[in-house]
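Line by line, the protein sequences give chains H and B.
The working numbering puts the first residue of the first sequence at 1, with every later residue one more than the last.
The working numbering puts the first residue of the second sequence at 112, with every later residue one more than the last.
Where a beta carbon is used, it is the ideal one built from N, C-alpha and C, also for glycine.
Since we're looking at a predicted model, the values are computed, not measured.
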Amino acid sequence: MRRMPNIDLTELTKKKVRMLTGHVRGVESRGYFHLDDLEGKEDVIFITAPDDLEAITPSFVQGFFAATIRKFGAAGLARHYDFSKLPTVLQQDFQMGIERLKLHVAASKQA
Amino acid sequence: MKFPFGRIFGRQHGSYWREQKKAVEPGSDRTLAKLYRGKYRRNIADLDSEKRRSIAGHNRRVEAIARSYLKASPRKRTSLDKLANGTKTAILLAKRRDSILLDGFLKNRDRNWRDMATRLRAREHRKLDIRQFSFFENPEGTIRGLRDIAAAEAECLSGRINFLDEDCLDLGPWLVLAVMRRDMVPVFTGGSIGDQLSAVIRALGLSTALRFSLSQTTASQNEIWAFPLRSRRAAGSSTSPTVHLDPQSKEEVADELCAAINRWLGHGSGLVLTKDGHRLVLKIVGETLDNAERFSRPEFPNDGDWSISGYMRRHGDGDTATFTCQLAFLSVGASINSSVQGCDGPTKAKMDEYLAAHSHIFPNQMFADDHLRTIFALQDRVSGDPNAIANGRGGTGFRDIITLFADLAEATSQGSNAKLAIVSGRTCLHVASLYCEVSRPRPDQLFNIWFNRENLKELPPDRGSVVELGEEFRGTLITMLFELDRDYLKNAPDAQH
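Here it is, written out as C-alpha cells:
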C-alpha cells in the first residue's frame with residue numbers, strides 16, 4: 001500500500017522550541033518540504049506536529065501556504081492538506097493564517 | 112532552559128552608578144603613549160609605495176596623538192586623573208565606533224567626533240541631568256536626553272549623568288541607552304541614580320549592557336520580578352545556510368517570556384496564564400520580533416537584530432497591592448516611515464492619498480508626512496516588502512501587537528493605567544486603549560487603526576496621539592506599561608489556577 005506523504009513539523013522545531021513563527025521561516029520551510037512538488041503529485045498531504053508544539057503564528061502559515069492559495073485557492077488547499085492529526089489549537093492556528101491569506105486574496109481582487 | 116528569574120530589593124535614597132572598570136593595563140602617561148602606538152600603528156613593510164604613503168600618513172597621526180598624551184601629562188590635572196589608571200587608559204585609547212543610533216542622534220558624527228587627543232587639550236567635562244526618562248510622559252525630553260548623552264560622548268573628555276527619576280517610568284529608553292552604550296567611549300564616569308530605578312536595572316541585568324557598576328542599596332519592600340534583557344545576535348552575522356529552518360531565538364525568547372509572565376501572575380494572584388493566554392503571548396512576541404528581523408536592517412534582509420526586556424513590580428502590600436508590568440521591544444535600523452516606503456505601487460498611491468488628506472492637521476510639524484506614513488504602516492496589508500503583498504502574504508504584524516495590548520489594557524484595574532508607545536524615526540505614537548477597542552477586528556476582518564474615536568481613515572488622527580521628536584530615532588521601539596490588579600485577575604472569567 002502506498003504511504004501518504006506526511007509533513008512532520010518536528011523537523012522544524014527539532015524538539016528545541018515550542019512555537020513556529022516567521023514569515024520567511026514559513027516560505028523556506030515550504031521549500032524544505034518540497035510542497036510545490038508534493039501538491040503536484042499527491043492528493044492528500046498530512047501535517048503532523050510534536051506534542052510540545054504549542055503555537056504557530058499567522059506569519060508562518062502565510063509564508064507556508066501563500067503559494068498554495070494562489071495556485072489552488074482556499075478550497076484547493078483544504079482538499080490537498082489534512083490537518084486532522086494536529087491538536088485542535090494548532091488546527092485553529094493554521095485556520096487563522098489561512099483566513100488572513102483569504103483576506104489578502106479578497107482585498108487584492110477588490111483593488 | 113531554566114528561566115533566569117531575578118528578584119531583588121531596592122533601598123530608599125542615595126544610590127549612584129560608576130563606569131565599570133576596564134581590564135586594560137594600568138600605567139603612566141608614557142605607558143599610555145606606548146599602548147596607543149602599539150594599538151593603532153600599522154606595519155608598512157611589504158606594501159607597494161602608494162599604500163606605504165597612505166599608511167605612513169596614518170602612522171604620523173598616531174605618533175602625534177601618542178606625543179600629545181605625553182605633552183598633556185605635566186599640565187594641570189584632568190578629571191580623568193581621579194579614575195583608576197585602567198579606566199583612564201581605556202578612555203584615552205578609545206576611538207569612534209560606528210553606531211546606527213548614535214549616528215542618528217548626531218548629524219555628521221563621523222566628522223564631528225573629536226579624538227581623545229583633541230579632548231585632552233579642551234578638557235571639557237559635562238554634567239547631564241536626566242529627568243522624566245519616559246516616552247509615555249515626556250517623549251521630546253527623553254529623546255533630547257538621549258541626544259545629549261550622544262553629544263557628550265562625541266565631544267567631552269569626561270562627564271557625569273544624573274538619572275533623577277526615583278523609579279523606572281518607562282523601560283523603553285533604558286533599552287535604547289543599553290544598546291547605545293555598546294558603541295560609546297566610556298567618557299561618563301558615573302552619577303546619581305534613583306534607588307528604585309537602580310533596583311530595576313540590577314534586576315533586569317541591564318547593568319552589564321549599560322556598563323553601570325551600581326552602589327549597594329538598602330532593602331525596600333517593593334519587589335521586582337524580571338524578564339532580563341535578551342538580544343538577538345548582531346544583524347547580518349548568520350553563517351548558517353539553514354538559518355530560517357533552524358529553531359529561532361525569537362521562538363525561545365517567547366517561551367521564556369511566558370514563563371516570566373506566569374511567575375508574575377503567580378506572585379500577583381496565584382494564577383497562571385490560561386492555555387489560550389499562553390499561546391497569545393507566544394504569538395505576539397513571535398510576530399513582533401519577526402517584524403523586527405524582517406524590516407529593521409534593509410542591508411541584511413530578514414536578519415535584523417532586536418532586544419527585549421520586561422519586569423513586574425509590586426506596589427503596596429496585601430490585598431491592596433497592585434502590580435505594574437513593563438515590556439519593551441527594540442529593533443535598531445530603519446524606521447517604520449522609511450521601510451514602509453518600499454511598499455508596492457498601489458499601496459503607495461493609497462498612502463499618498465492619506466498623506467494629502469491629513470498632513471494639514473500638523474501645520475507646525477516638519478515631519479508631518481513621516482507621522483502619517485508611520486500610522487499608515489500599522490494597517491493590515493501594508494508592508495515594506497512588496498513581494499509579500501504581491502504573493503498574497505504579510506503586512507499583518509502590528510495587528511497582533513496592538514491586539515495583545517488591548518487585551519492587557521482590558522485586564523488593568525481601571526484601563527487607564529495601560530500605555531503603549533511606538534517610537535520610530537521622528538514619530539512617537541501613543542496608542543490609547545480607546546483606539547485599540549474601536550479597532551479590534553473580527554477574525555474575518557482586516558485590522559485598521561486610524562487613531563481617532565471613529566476609527567475612520569477619512570478622519571485625521573487625534574493630534575494628542577502623535578508627538579514629533581526633535582531628534583531622529585533610527586529604529587523602532589515598542590514600549591508598554593500596564594497595571595495588574597489582584598481582584599481583577601482573580602475574578603477574570605477565564606482565570607485558571
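Close beta carbons around residue i, own chain, < 7 Å, minus the five adjacent residues each side
i	result
residue 64/B	Residue 64/B falls outside the range modelled here, since chain B spans only 112 to 608, and no answer is possible.
residue 547/B	513, 516, 517 and 520
residue 377/B	383
residue 369/B	384, 389, 392 and 393
residue 256/B	241 and 244
Of the residues the options, the one placed nearest residue i, counting alpha carbons only
i	options	result
residue 245/B	587/B, 226/B, 279/B and 455/B	279/B
residue 57/H	296/B, 461/B, 511/B and 297/B	511/B
residue 74/H	33/H, 100/H, 35/H and 92/H	100/H
residue 586/B	475/B, 458/B, 404/B and 530/B	404/B
residue 299/B	341/B, 131/B and 305/B	131/B
residue 129/B	220/B, 445/B, 274/B and 555/B	274/B
residue 306/B	566/B, 155/B, 536/B and 127/B	127/B
residue 20/H	31/H, 39/H, 102/H and 53/H	53/H
residue 319/B	301/B, 304/B and 289/B	289/B
residue 33/H	103/H, 16/H, 12/H and 43/H	12/H
residue 415/B	42/H, 108/H, 22/H and 16/H	22/H
residue 6/H	38/H, 17/H and 15/H	38/H
residue 230/B	206/B, 287/B and 358/B	206/B
residue 609/B	240/B, 155/B and 255/B	The first residue shown for chain B is 112 and the last is 608, placing residue 609/B beyond what the model contains.
residue 381/B	155/B, 165/B, 160/B and 595/B	595/B
residue 31/H	68/H, 109/H and 43/H	68/H
As assigned by DSSP and simplified to three states, the class of residue i
i	result
residue 369/B	helix
residue 547/B	helix
residue 255/B	helix
residue 585/B	strand
residue 414/B	coil
residue 336/B	strand
residue 590/B	strand
residue 121/B	Residue confidence for residue 121/B is low, a pLDDT of 35 falling below 50, so the modelled location carries little weight and cannot support an answer.
residue 300/B	strand
residue 354/B	coil
residue 363/B	helix
residue 561/B	coil
residue 569/B	coil
residue 328/B	coil
residue 7/H	strand
residue 427/B	coil
residue 217/B	coil
residue 419/B	strand
residue 129/B	strand
residue 22/H	coil
residue 385/B	coil
residue 163/B	helix
residue 530/B	strand
residue 172/B	helix
residue 82/H	strand
Sequence-distant residues of the same chain with beta carbon closer than 8 Å to residue i, five excluded per side
i	result
residue 532/B	246, 247, 250, 281, 283, 539, 540, 541, 542, 588, 589, 590 and 591
residue 258/B	216, 217, 581 and 582
residue 253/B	243, 244, 245, 246, 281 and 284
residue 96/H	58 and 61
residue 18/H	52, 53, 54 and 55
Sequence-distant residues of the same chain with beta carbon closer than 6 Å to residue i, five excluded per side
i	result
residue 228/B	176 and 179
residue 332/B	For residue 332/B, the predicted structure reports a pLDDT of 44, less than 50, and the residue's modelled location is therefore unreliable. A value from the coordinates is still provided. There are no such residues.
residue 534/B	246, 584 and 588
residue 365/B	393, 396 and 397
residue 677/B	For chain B, the structure presents residues 112 to 608; residue 677/B sits outside this window and is missing.
residue 575/B	none
Any non-hydrogen atom of the ligand COA within 7 Å of residue i CB
i	result
residue 480/B	This structure lacks the ligand COA, and indeed carries no ligand of any kind.
Please confirm if the segment 350-366 of chain B is in contact with the segment 315-324 of chain B, defined as three or more CB-CB distances below 8 Å between the two stretches. Between the segment 350-366 of chain B and the segment 315-324 of chain B there are fewer than three inter-stretch CB-CB distances shorter than 8 Å, so the stretches are not counted as touching.
Scan the segment 433-491 of chain B and note each continuous alpha helix (DSSP H) run of 4 residues or more that stays entirely inside, going in chain order. Runs found: 447-451, 456-469 and 479-488.
Contact between the segment 415-422 of chain B and the segment 569-581 of chain B is defined here as three or more beta-carbon pairs at a separation below 8 Å; is this criterion met? The segment 415-422 of chain B, when compared against the segment 569-581 of chain B, does not touch it at the 8 Å Cβ threshold.
Assess contact between the segment 258-277 of chain B and the segment 224-238 of chain B, defined as three or more Cβ pairs (one per stretch) separated by less than 8 Å. Is contact present? Verdict: yes, contact present.
Under 8 Å, with one C-beta from each stretch per pair, do the segment 553-572 of chain B and the segment 459-469 of chain B reach the 3-pair mark? Here the segment 553-572 of chain B lies against the segment 459-469 of chain B, with 3 or more beta-carbon pairs under 8 Å apart.
Which runs of the alpha helix (DSSP H) spanning at least 4 residues fall entirely within the segment 34-71 of chain H, listed in chain order? Fully contained in the segment 34-71 of chain H are the following alpha helix (DSSP H) runs of length 4 or more, in chain order: 35-41.
Entirely enclosed alpha helix (DSSP H) segments - the segment 231-289 of chain B, minimum 4 residues: With a minimum length of 4 residues, the continuous alpha helix (DSSP H) runs that stay inside the segment 231-289 of chain B are 250-266.
Looking at C-beta atoms only, is the number of pairs between the segment 81-95 of chain H and the segment 40-51 of chain H that lie closer than 8 Å three or more? The way I'd put it, the segment 81-95 of chain H does touch the segment 40-51 of chain H; three or more beta-carbon pairs between them come closer than 8 Å.
Below 8 Å, can you find three or more Cβ-Cβ pairs linking the segment 23-41 of chain H to the segment 55-71 of chain H? Touching, per the Cβ criterion.
Under 8 Å: do the segment 473-489 of chain B and the segment 427-434 of chain B share three or more Cβ pairs, one atom per stretch? They do not touch, by the three-pair rule.
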